[in-house]
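The structure appears below as structure tokens.
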Amino acid sequence: MASSPRSPPPPPPPREFEISRQSRIFAALSKKVIDLDELRMLAAQGVPDAAGVRSTVWKLLLGYLPNDRPLWEQELAKKRSQYAAFKDEFLSNPVETARQVEKEGNSNDNAEHVDNGLLHRSEVTQEEHPLSLGKTSVWNHFFEYAEIMEQIDRDVKRTHPDMHFFCGDSSFAKSNQESLKNVLLIFAKLNAGIRYVQGMNEILAPLFFVFRSDPDDKNAKFAEADSFFCFVELLSGFRDNFCQKLDNSAVGIRGTLAKLSQLVTKYDAELQHHLEITTEMDNVAADPGVQLCRHYSYMGHAIERS
1 MASSPRSPPP
11 PPPPREFEIS
21 RQSRIFAALS
31 KKVIDLDELR
41 MLAAQGVPDA
51 AGVRSTVWKL
61 LLGYLPNDRP
71 LWEQELAKKR
81 SQYAAFKDEF
91 LSNPVETARQ
101 VEKEGNSNDN
111 AEHVDNGLLH
121 RSEVTQEEHP
131 LSLGKTSVWN
141 HFFEYAEIME
151 QIDRDVKRTH
161 PDMHFFCGDS
171 SFAKSNQESL
181 KNVLLIFAKL
191 NAGIRYVQGM
201 NEILAPLFFV
211 FRSDPDDKNA
221 KFAEADSFFC
231 FVELLSGFRD
241 NFCQKLDNSA
251 VGIRGTLAKL
261 SQLVTKYDAE
271 LQHHLEITTE
281 MDNVAADPGV
291 QLCRHYSYMG
301 HAIERS
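Using full-length UniProt numbering, the first residue of the sequence shown is number 1, and each one after it goes up by one.
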């Protein structure tokens with residue numbers, strides 16, 4: 001009489017599975033040259049929160065860190081220095097710039113005016129004048145982006161209102177808000193064809209949260225710089241969705257939503273019908289594409305948290 005086939009062994013308890021998954025990711029990250037395909041496969045099963053692993057994994061998979069470990073320190077120093085230069089160039093305050101110019105002028109001309117008792121009269125160049133329309137004028141640049149700065153400020157203040165990390169009156173929350181605003185404004189100035197689009201703050205927030213929460217104080221200190229480059233890399237994969245001129249094209253946001261709708265219809269027609277009905281009920285006057293996009297975003301957040 002033939003013996004009955006053995007039943008497969010029971011799956012390991014959740015705790016054992018978690019330890020095994022952590023050990024495999026640690027092993028993958030400890031290699032001198034990291035296999036990104038292997039790391040991507042392991043990360044798809046979930047990244048453990050221990051010891052800043054998520055921060056390192058994201059930086060690797062987004063191409064911010066090279067897969068050659070000995071190059072990490074050099075690459076980080078170069079990128080962080082580059083971001084500091086971006087801040088100096090794009091976040092300069094015209095008022096502070098004018099004060100600095102006046103201060104330097106006062107110090108240079110002080111000796112000349114001491115003897116005759118005349119008060120110093122600072123010279124204002126064309127580029128430094130508030131009404132200048134010159135391309136190199138700091139004031140013209142400031143006013144050009146004033147509206148974008150206001151929109152970024154409004155959106156950042158609404159980012160994850162349920163998290164004290166981003167919201168509240170604490171100096172820590174305000175500092176984090178400033179970092180988000182800095183990254184988004186620099187991105188807008190470097191990408192004139194896109195600038196800032198509402199919703200970018202929601203994409204940036206998880207990156208900054210993870211990097212700022214890194215237990216390594218040195219990495220946490222440079223969370224703003226690291227978030228910027230990872231944000232740029234992340235958006236590069238679907239930047240056409242943020243370009244208004246491409247909204248109605250196959251590669252724009254409507255084309256992307258159409259493909260997403262087809263996928264949802266294929267695998268869960270009932271859910272797709274519910275989303276369409278809910279979209280119509282929410283606001284018939286609103287752009288249905290935007291409303292549907294919002295529902296898909298909420299659905300994605302719900303899946304992520306489950």
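The C-beta atom is built at its ideal place from N, Cα and C for all residues, glycine as well.
Reference residue i, options the options, closest by Cα
i: Ile194; options: Glu178, Tyr145, Val47; result: Tyr145
i: Glu180; options: Ala28, Leu260, Phe211, Ala192; result: According to the sequence provided, residue 180 is Leu. The question's Glu does not apply to it. Looking at the Cα atoms, Phe211 is the closest of the given residues.
i: Glu73; options: Asn219, Arg54, Phe86, Thr278; result: Asn219
i: Leu204; options: Leu185, Phe26, Ala27, Val53; result: Leu185
i: Ser23; options: Leu36, Cys230, Thr256, Val53; result: Val53
i: Lys59; options: Phe165, Phe228, Gln262, Arg254; result: Phe228
i: His164; options: Gln177, Thr256, Asp155; result: Gln177
i: Met41; options: His274, Leu61, Leu263, Lys31; result: Leu61
i: Cys230; options: Gln198, Asp153, Val57; result: Val57
i: Asp217; options: Ser30, Ala43, Ala44, Ser55; result: Ser55
i: Ala235; options: Asn191, Ser30, Ser261; result: Residue identity differs from the one stated: residue 235 is Leu in this sequence, not Ala. It is Asn191 whose Cα lies nearest to the Cα of Leu235.
i: Pro206; options: Lys259, Thr265, Phe166, Phe172; result: Phe166
i: Arg254; options: Phe238, Lys87, Ile277, Ala269; result: Phe238
Neighbourhood of residue i by C-beta distance below 6 Å, restricted to the same chain and skipping five residues each side
i: Ile34; result: Asn67
i: Phe222; result: Arg80
i: Ala225; result: Arg80, Tyr83
i: Glu38; result: Ala28
i: Lys189; result: Phe90
i: Gly63; result: Glu233
i: Ser20; result: none
i: Ser213; result: none
i: Asp49; result: none
Close beta carbons around residue i, own chain, < 7 Å, minus the five adjacent residues each side
i: Ala51; result: Pro215
i: Glu75; result: Leu65, Pro66
i: Ser261; result: Gln272
i: Glu161; result: Rather than Glu, the amino acid found at residue 161 in this sequence is Pro. Contacts found: Cys167.
Same chain only: Cβ atoms within 8 Å of residue i, ignoring 5 sequence neighbours per side
i: Ile148; result: Leu185, Ala188, Arg195, Tyr196
i: Gly46; result: Arg21
i: Phe208; result: Asn176, Ser179, Leu180, Val183, Ala223, Glu224, Ser227
i: Pro70; result: Lys32
i: Ser43; result: A quick correction: the sequence has Ala, not Ser, at residue 43. Only Ile25, Val57, Leu61 meet the Cβ criterion.
i: Asp153; result: Lys181
i: Ser170; result: His164
i: Gln198; result: Gln151, Asp155
i: Leu36; result: Leu60, Leu61, Asn67
8 Å contact criterion, which residue i and residue j should meet: CB distance rounded
i: Asn201; j: Thr256; result: No, Asn201 and Thr256 are not in contact; Cβ-Cβ is about 19 Å, not under 8 Å.
Closer than 7 Å to chain C by CB, residue i
i: Arg80; result: Included in the structure is just one protein chain, with no chain C present.
Self-check item: Length at least 4, wholly inside the stretch 145 to 227: the alpha helix (DSSP H) runs in chain order
Solution: 146 to 157, 171 to 190, 200 to 212, 217 to 221
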